[in-house]
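Reading through the structure tokens given below for one structure.
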Amino acid sequence: MVNPFFKNHGPFKIVELIKILKLSDLKIDNDLEISDIKDLYSSKKGDITFFHSKKYKDLAQKTKASFCITTENLKDDISKNCIPIIVSNVLVSISIITSKFYPDSLLDNFDDKVDLINETKFKHSVKFGKNVLIGSNVSIGKNCSIGHNTIIEKNVSIDDNCSIGSNVVIRNSIIKKNIRILDNCIIGKHGFGFFPNKDKNIRYPHIGAVIIEDNCEIGCSATIDRGSLSNTVIGENTYLDNQVHIAHNVKIGKNSILAGQVGIAGSSILGENVKIGGQAGISGHLKIGNNVEIGGGSGVIKDIPDNSKVMGYPAKNFRDFLKDNR
Amino acid sequence: MVNPFFKNHGPFKIVELIKILKLSDLKIDNDLEISDIKDLYSSKKGDITFFHSKKYKDLAQKTKASFCITTENLKDDISKNCIPIIVSNVLVSISIITSKFYPDSLLDNFDDKVDLINETKFKHSVKFGKNVLIGSNVSIGKNCSIGHNTIIEKNVSIDDNCSIGSNVVIRNSIIKKNIRILDNCIIGKHGFGFFPNKDKNIRYPHIGAVIIEDNCEIGCSATIDRGSLSNTVIGENTYLDNQVHIAHNVKIGKNSILAGQVGIAGSSILGENVKIGGQAGISGHLKIGNNVEIGGGSGVIKDIPDNSKVMGYPAKNFRDFLKDNR
Amino acid sequence: MVNPFFKNHGPFKIVELIKILKLSDLKIDNDLEISDIKDLYSSKKGDITFFHSKKYKDLAQKTKASFCITTENLKDDISKNCIPIIVSNVLVSISIITSKFYPDSLLDNFDDKVDLINETKFKHSVKFGKNVLIGSNVSIGKNCSIGHNTIIEKNVSIDDNCSIGSNVVIRNSIIKKNIRILDNCIIGKHGFGFFPNKDKNIRYPHIGAVIIEDNCEIGCSATIDRGSLSNTVIGENTYLDNQVHIAHNVKIGKNSILAGQVGIAGSSILGENVKIGGQAGISGHLKIGNNVEIGGGSGVIKDIPDNSKVMGYPAKNFRDFLKDNR
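Residue numbers (the working numbering), protein chains in the order written: chain V, 3 to 328; chain S, 3 to 328; chain W, 3 to 328.
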């Protein structure tokens with residue numbers, strides 16, 4: 003997992019973390035300091051991790067984390083070198099701990115540290131419109147242009163030969179080479195991820211970025227949300243039409259085409275050379291193979307293997323769709 | 003019906019109203035003044051009301067209005083104290099009369115009375131970005147922030163702890179506490195309501211407001227239209243994802259979740275704790291119960307009772323949907 | 003075909019055009035100059051045209067163009083006065099040649115030649131908000147208003163009595179009389195047209211305009227793309243609701259109504275008095291007749307004859323839809 007942008011506010015003493023989880027019964031050695039929260043695979047000694055589903059059992063047995071948030075049922079599958087912290091809801095607890103380490107990733111208040119671009123170092127290197135605003139930790143390559151009223155908030159890297167339209171807002175994003183982002187796009191805001199909770203939902207932090215690979219085009223009024231614990235990725239030479247919505251953690255392979263008003267729900271992974279007709283939707287957490295064609299208006303609610311052509315709601319093999327609708 | 007914002011340009015003499023309805027044959031006592039136009043239930047002596055469907059017969063018999071716009075067929079069901087005004091099309095006539103009383107509610111020309119926020123009383127009490135504009139009759143509570151280029155047009159009340167993003171336009175709206183409105187939202191414009199008419203449609207006035215209750219989140223590029231003769235209401239702790247469209251007069255109960263690109267057509271009423279998957283649509287004038295789950299991509303075209311789970315187009319019981327699509 | 007806006011950078015010698023098509027084997031008389039690229043019907047002596055499908059055979063036999071880009075298979079159907087230029091992919095070749103004549107139509111970089119409206123001749127004749135920008139070759143009629151932060155880029159004609167909202171971007175468009183364009187619309191950007199090509203798609207030029215006829219209303223956050231080799235046209239007194247997407251080359255007849263989030267794919271032609279419910283989609287290159295009603299959520303994938311009422315996905319006769327979904 004890449005987290006290039008959000009500042010780690012740790013380390014925190016383990017007792018402090020246990021306190022904010024309201025686990026008053028838990029007795030833990032006072033002095034240990036925790037550096038970071040990471041997943042089972044990438045965490046190291048001194049980190050806290052989490053284990054919430056049997057399918058990660060193998061990873062849990064090998065984790066190098068010092069502590070692991072988990073449940074009573076799962077705790078025996080954790081590495082003997084890692085101390086389990088038993089909670090009732092693992093995801094809510096992670097959310098609380100991640101917010102402690104990365105508080106800036108929780109809310110997307112407007113960036114009040116921006117400057118007018120002609121008061122920045124980009125004054126001479128970038129072609130820009132009126133009223134363009136630039137936040138901190140922004141880099142912009144050669145031969146780029148940025149349209150009127152566009153706001154590049156903090157934590158944005160734009161590589162060479164990019165054209166950003168007018169009225170665009172970008173934050174927490176890596177925009178590579180030769181990319182065109184058209185007017186009114188919103189890129190890099192936190193995903194629509196939270197724990198429903200009566201009277202006051204619990205937000206969870208989104209410490210991922212949006213990564214747009216070389217040669218992409220992003221149509222007008224598209225929204226691309228950044229990931230929670232991973233990144234949202236648009237592959238090389240992939241084109242998005244107007245009013246497309248890409249949710250958090252989605253990955254789209256290269257050479258893909260998404261027509262107008264398409265929506266991809268959170269955490270779905272699309273292969274390369276995927277073609278999606280207008281207004282089609284893809285549910286969350288699905289895997290769409292390479293060279294898949296999805297007809298306009300389709301609703302995809304299960305995985306689609308490589309080289310398939312599907313259409314319908316729910317989407318089915320294209321020939322079956324035609325046959326069933328003769 | 004709450005009409006907190008639009009100025010009543012009345013009273014008008016009844017003869018004047020009859021004149022603009024082009025009812026030259028109608029003879030009416032000249033001197034009566036009409037204060038307001040209201041529905042059958044809330045109108046009082048001195049008001050004009052309307053009666054266009056048999057299902058409101060009971061209310062018509064009890065109305066306290068002095069005049070009632072209605073048809074030849076319906077006129078005998080009106081209270082004896084109320085003088086019927088017979089027209090060929092009740093709704094078009096109401097539209098004309100409402101426009102007379104509330105001309106400002108008909109068109110949403112841009113608000114040319116705004117000031118830059120640093121020239122207003124909010125200069126010190128609100129955290130704000132560049133180029134923020136504030137209209138007349140605006141109140142903003144404690145601990146609020148407003149992003150760059152956002153326009154708070156006239157008739158907006160924002161309560162404490164609200165975060166408004168960048169490039170947002172709000173008018174004729176009541177935004178309560180702890181609300182987050184993300185970038186590019188348009189809130190409070192008139193609904194898509196008019197009478198189709200060859201060569202030149204007849205707009206009808208929208209004198210309702212948008213009311214957003216405590217703890218809501220409104221995603222990027224959402225549009226929420228204000229009501230015509232009632233308000234559009236988003237219940238407490240309800241979250242809307244990106245690119246959601248809420249039409250005029252819609253009411254959504256508390257603790258609801260609407261995923262990306264969902265659309266709710268005019269005047270539908272949703273209960274509490276309703277969960278709607280991405281791209282689903284709900285037709286107008288429907289009643290969706292409490293604790294209803296609507297699958298992504300569904301098209302709902304009839305009422306849904308409490309505690310149901312539906313999916314499909316047209317949406318049906320979720321088990322039937324699965325069975326029919328095996 | 004109307005191309006009111008894009009500058010023709012020709013004439014070019016035919017040898018030069020052949021060179022950029024990389025047809026090194028082709029021997030052509032050196033001295034001929036080509037004035038323009040046009041379709042088979044409208045091209046004249048001195049123009050280059052193209053012929054890529056048998057269905058245009060009759061036009062090919064009568065074309066007055068001096069040269070015609072075509073394939074080995076089709077070349078014998080071309081007028082004897084017109085010299086065929088044989089290529090492997092006609093559309094890609096046209097794209098290259100059109101880009102040569104009209105390079106400004108290929109990319110929509112932001113217009114850096116705009117001025118604040120109060121520094122233009124419109125200072126006294128137009129009612130305008132803060133931060134309104136006006137490009138070159140713009141005309142604005144009497145009694146118009148333009149909202150805050152709106153950008154009228156180059157090549158826009160706005161006739162009398164128009165109201166443009168805030169945060170709007172318009173380019174390459176003809177806006178006729180009494181038109182209302184609401185907040186956040188993007189009108190006149192190039193269509194989503196290109197030739198998919200591994201690692202780097204090939205864009206094709208869009209030299210058409212958007213034409214909006216008298217008395218239309220365009221809802222918030224709508225996107226209307228300009229045409230490629232023809233115009234995108236919204237007929238008189240047609241109303242679009244919020245978040246509607248109209249792709250390139252689409253033509254919509256007069257007195258039509260498109261509800262929220264409707265999408266029309268490229269090159270479809272809609273008749274007069276067409277009513278389309280919310281979220282419905284129409285595939286590309288279809289013909290929808292006069293007086294057609296399309297139910298909300300429908301997906302139209304074939305032509306619809308006059309006076310039909312359809313619903314469903316794929317859309318079918320409304321009675322069949324009801325019967326099949328009882």
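The beta-carbon is built from N, C-alpha and C at its ideal position, and this holds for glycine as well. These figures come from a predicted structure and were not determined experimentally.
Around the C-beta of Ile22/V, fewer than 16 other C-beta atoms lie within 10 Å, and the residue is accordingly described as exposed. Take Glu219/V, set aside five residues on each side of it, and the residues of its chain with a beta-carbon closer than 6 Å to its own are Arg182, Tyr241, in chain order.
With a cutoff of 7 Å on beta-carbon distance, Val294/W and Ser310/W are scored as near each other.
For a cut-off of 8 Å, the C-beta gap from His150/W to Phe112/S is around 6 Å, short enough to register as a contact.
Here the alpha carbon of Ile148/W sits roughly 10 Å from the alpha carbon of Asn169/W.
Taking each of Phe53/V, Thr65/V, Ile259/V in turn and checking the Cα distance to Lys47/V, the smallest one comes out for Thr65/V. Within the same chain, and ignoring the five residues on either side of Asn10/S in sequence, the residues whose Cβ sits closer than 7 Å to its Cβ are Asp38, Phe103, Tyr104. At the C-beta level, Cys222/W and Asn239/W stay beyond 7 Å of one another. Straight-line measurement puts the Cα of Thr73/S at about 50 Å from the Cα of Ile284/V.
Membership of Ile99/W in the alpha helix (DSSP H) is indicated by the continuous run 92-103.
Cβ neighbours of Glu274/V within its own chain (closer than 8 Å, five residues either side excluded): Gly237, Gly255, Lys256, Asn257, Ser258, Asn292, Asn293.
Residue-level contact by beta carbon holds for Cys222/W and chain S, with a gap shorter than 7 Å. Chain W has a Cβ within less than 7 Å of the Cβ of Gly301/S. Closer than 8 Å at the C-beta level to chain S, one finds these residues of the segment 165-193 of chain V: Asn169, Val171, Asn186, Ile188, Lys191. Residues of chain V with a Cβ closer than 8 Å to the Cβ of Ser147/S are, in chain order, Asn111, Phe112, Asp114. Non-local C-beta neighbours of Val235/S in its own chain, meaning closer than 6 Å and more than five positions away in sequence, comprise Ile213, Lys253, ordered along the chain. The residue among Phe69/V, Glu121/V, Phe7/V with its C-alpha nearest the C-alpha of Val17/V is Phe69/V. In this chain, the beta strand (DSSP E) harbouring Phe130/S covers 128-130. Across the structure, Lys15/S and Ile30/S are spaced so that their CA atoms are roughly 11 Å apart.
In this chain, Asp49/S is not harboured by any alpha helix (DSSP H); it is covered by the beta strand (DSSP E) spanning 49-52. Distance between Glu35/V and Pro13/V, taken at the CA atoms: about 6 Å. With a contact defined as Cβ atoms closer than 8 Å, Gly229/S and His250/S qualify at about 5 Å.
Under the three-state reduction of DSSP output, Phe14/W falls in the strand class. Leaving aside the five residues that flank Asp161/V on each side, the residues in its chain whose CB is nearer than 6 Å to its CB run, in chain order, Gly143, Lys178, Lys179.
Gly280/W has no beta-bridge partner at all, per DSSP.
A Cβ-Cβ distance of about 6 Å is found for the pair Asn133/V and Asn133/S, placing them in contact under the 8 Å criterion. When only Cα atoms are considered, Gly286/W and Ile306/S end up about 34 Å apart. Listed along chain V are Asp114, each with a C-beta nearer than 7 Å to that of Lys129/S. In the structure shown, Ala62/W adopts helical secondary structure according to DSSP, grouped into three states.
For Phe69/S, the uninterrupted beta strand (DSSP E) segment begins and ends at 69-72. In this structure Asp185/V is buried. Its beta-carbon is surrounded by 16 or more other beta-carbon atoms within 10 angstroms. The C-alpha of Gly279/S is placed about 33 Å away from the C-alpha of Ile50/V.
Under the 10 Å beta carbon count, Pro86/S is surrounded by 16 or more other beta carbons and is classified as buried. When C-beta distances to chain W are compared with 9 Å, the residues of the segment 252-275 of chain V below that value are Lys256, Asn257, Ile259, Ala261, Gly262, Gln263, Asn275, in chain order. Of the candidates Arg205/V, Ile20/V, Leu324/V, the residue whose Cα lies closest to the Cα of Asp33/V is Ile20/V. With a cutoff of 7 Å on beta-carbon distance, Phe8/S and Ser97/S are scored as not near each other.
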